[in-house]
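Structure, as structure tokens:
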Amino acid sequence: MDYKKVKTETTAVTRQKDKFYEQTGNIYETVVVLSKRANQIGAELKAELDKKIEEFTPATDNLEEIFENREQIEIAKFYERLPKPTLLAIDEFLNNKVYIRNPHKEKQGF
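Under our numbering, think of the first position of the sequence shown as 215, with each following residue one higher.
Structure (structure tokens):
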């Protein structure tokens, strides 16, 4: 998913608690779903950023030749301005874009 195009809040906002019960029926299960999805999003963003920053890595490691790369700084600033993974996960959850599967409920026949 292209997280750069997602239009969501970049800061925490007050939300209606009832919206978080609709899909799971349990607020604690919702918290687990959101935390796991936020971790997935964070890992994807980190991998993407590492891949882009790796292009600027010099072939040789020389401590004397450390310098600032303007493009690298701009890329880092862009990723810092993106909404945090938790906010992206909440947005996906509230818009029914997250697939939820609970193996414990499937075992017990709920």
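Quick reminder that beta carbons are idealized off the backbone N, C-alpha and C, glycines included. Small disclaimer: the values here were computed from a predicted structure and weren't measured.
Selection Thr238, Pro317, Leu301 evaluated against lysine 218 yields Leu301 as nearest (Cα-Cα).
Contact check for valine 312 against arginine 251 passes: the beta carbons are separated by less than 7 Å. Counting the other Cβ atoms within 10 Å of the Cβ of threonine 244 gives 16 or more, which makes it buried. Counting of Cβ neighbours within 10 angstroms places isoleucine 241 among the exposed residues, the total staying below 16.
For alanine 226, the secondary structure class from DSSP, reduced to helix, strand or coil, is coil. Proline 297 is positioned such that its CB atom lies closer than 7 Å to that of threonine 222. Using a Cβ distance threshold of 7 Å, valine 247 and isoleucine 304 do not count as a contacting pair. Annotation for glutamine 286: Ile267, Phe270 place their beta carbon closer than 7 Å to its own, counting only its chain and skipping 5 residues before and after. When the five nearest sequence neighbours on each side are left out, the beta carbons in the same chain lying within less than 7 Å of the beta carbon of asparagine 283 are those of Phe270, in order along the chain. Aspartate 232 carries a helical assignment under DSSP once its states are collapsed to helix, strand and coil.
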